[in-house]
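Mapping the sequence shown onto my numbering, position 71 (from 1) lands on 65, and the numbers just tick up by one.
All C-beta atoms in this analysis are idealised placements derived from N, C-alpha and C, irrespective of residue type, glycine included.
On a predicted model such as this, the values are computed, not experimentally measured, just so you know.
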Amino acid sequence: MFDPREKIALFIDGANLYATSRALGFDIDYRKLLSSFQKRGYLLRAYYYTALVEDQEYSSIRPLIDWLDYN
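Laid out in structure tokens, this is it:
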């Protein structure tokens, strides 16, 4: 359990989390994920790391990246 005064930084391995959620057949609600960590302490920052191939016309993860960039 976290102390409410704890400072939290969240680092997400985007490719791994995305692939695992797809393989298990569910979507991740990133707003709820952030909210869950915010309730446990002071969330300083959340980072989502992934790699994109720029010359690729379409990537299945592109809509998620665009949404995360906007929000």
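Sequence-distant residues of its chain with Cβ nearer than 7 Å to residue 7 (five each side left out): 43
Three-state secondary structure assigned by DSSP to residue 31: helix
Among 11, 36, 1 and 29, nearest to residue 21 - alpha-carbon criterion: 11
Span of the beta strand (DSSP E) around residue 7: 1 to 7
CB of residue 40 within 8 Å of CB of residue 28, strictly: yes
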